[in-house]
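A quick write-up on the structure given underneath.
Number of protein chains: 2
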Amino acid sequence: MKTTTIWKSGHAFDSFQHNAKIEIDSKVGFSPKALLLSGLAGCTGIDVIDVLEKMRVPFANLKMEVETEQTTEHPRVFKDIHITYIITTGEENRDKVKKAIELSLEKYCGVSAMLKKNSKIGFTITIQSESE
Amino acid sequence: MKTTTIWKSGHAFDSFQHNAKIEIDSKVGFSPKALLLSGLAGCTGIDVIDVLEKMRVPFANLKMEVETEQTTEHPRVFKDIHITYIITTGEENRDKVKKAIELSLEKYCGVSAMLKKNSKIGFTITIQSESE
Chain Z
4 MKTTTIWKSG HAFDSFQHNA KIEIDSKVGF SPKALLLSGL AGCTGIDVID
54 VLEKMRVPFA NLKMEVETEQ TTEHPRVFKD IHITYIITTG EENRDKVKKA
104 IELSLEKYCG VSAMLKKNSK IGFTITIQSE SE
Chain E
4 MKTTTIWKSG HAFDSFQHNA KIEIDSKVGF SPKALLLSGL AGCTGIDVID
54 VLEKMRVPFA NLKMEVETEQ TTEHPRVFKD IHITYIITTG EENRDKVKKA
104 IELSLEKYCG VSAMLKKNSK IGFTITIQSE SE
């Protein structure tokens, strides 16, 4: 796995994996460190989708809010990380959603496995009904 | 610090920090895990720029290639990480560039400090002259 990151100006960079590009800007855009939170969200999101599909649980509109605070001394690292999973499904599926998340965070998600070596990772589930 | 990541379809997501957006797609775009490599590049890149400016070292065209391999068993995590810093400056500044990188990776860069808990991080420097 490889990415190439090119300085543009100030604290702004373009970063590439194959032909895909993201823009990094610690002042007015996506900060480098925040990419770790989004990497965690994407990684666990893929697991949750795959596991729920295998379980034949109907769902839609998965959203993950990932939050943390940083230490004050250099190097500034994450304190605990909290993920809020917001998903549209029936309330009767809550236990299956919880199981899918636990499988991801404890077994499948490599980003979680790496970040856990620095931070505790917790989560909550918000279930929205179709009509909301 | 917070990011919000919204499932689009398949393994594709939009992720937001404030108003900035990146697109994640584990199949045809930026993979979630690769965001960690770009986060590392941006974090150490900012440090290197700031330190070289403080040292009054003239430079241009900073580029970072970050590479790793993954373990084969779940959860698949990074093995060693290697960063190649490609910078346009005079060859006489090589020691100062090395010093700036070491300050970043050992002291300032929070992403490095977190990923080091899982992976060894090494680097090489490629200096390009203005005429190349």
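Here the protein sequences line up with chains Z and E, keeping their order. Numbered according to our numbering, the first sequence terminates at residue 135, and the numbering increases by one at each position without gaps. Numbered according to our numbering, the second sequence terminates at residue 135, and the numbering increases by one at each position without gaps. Backbone N, C-alpha and C define an ideal beta-carbon position, used for all residues, glycine too. Source: prediction; values computed, not measured.
Return the chain-ordered list of same chain residues with a C-beta closer than 6 Å to the C-beta of ASP83 (chain E), the five sequence neighbours on each side being excluded.
SER122 and LYS123
- Using a Cβ-Cβ distance under 7 Å, would HIS85 (chain Z) count as near chain E? no
Report task. Give, in chain order, every residue of the region 64-82 of chain Z whose Cβ lies closer than 9 Å to some Cβ of chain E. Result -> ASN64, LEU65, LYS66, MET67, GLU68, VAL69, GLU70, THR71, GLU72, GLN73, THR74, HIS77, PRO78, ARG79, VAL80 and PHE81
query: Hey, out of E:HIS85, E:THR74 and E:ILE104, whose CA is closest to LEU55 (chain E)'s CA?
result: E:ILE104
**Prompt:** Got a sec? Which residues, its chain only, sit under 6 Å from THR7 (chain Z) by beta carbon, not counting five neighbours each side?
**Reply:** PHE19
Beta-carbon proximity check, THR127 (chain Z) vs THR91 (chain Z), cutoff 7 Å: no
Exercise. Under a Cβ-count criterion, where at least 16 other Cβ atoms within 10 Å of its own Cβ denotes burial, should HIS77 (chain E) be classed as buried or exposed?
Worked result: exposed
Closer than 7 Å by beta-carbon distance: list the chain E residues that pair up with TYR111 (chain Z), in chain order.
HIS77 and PRO78
>> Could you compute how far the alpha carbon of VAL60 (chain Z) sits from the alpha carbon of ASN22 (chain Z)?
In response: 34 Å
**Asked** Any idea which residues DSSP pairs PHE19 (chain Z) with across the strands?
**Response** Z:THR7 and Z:LYS24
Does the region 33-40 of chain Z touch the region 37-44 of chain E, meaning 3 or more C-beta pairs lie closer than 8 Å?
-> yes
* Test: GLY93 (chain E) CB closer than 7 Å to a CB of chain Z -> no
Can you list, in chain order, the residues of its chain with a C-beta nearer than 6 Å to that of VAL114 (chain E)? Leave out the 5 residues immediately preceding and following it. GLY42, LEU43 and CYS46
Practice prompt. Would you kindly report the start and end of the unbroken beta strand (DSSP E) that includes HIS125 (chain E)?
Written response: Just to set this straight, residue 125 (chain E) is Gly in the shown sequence, not His. GLY125 (chain E) -> beta strand (DSSP E) spans 124-131.
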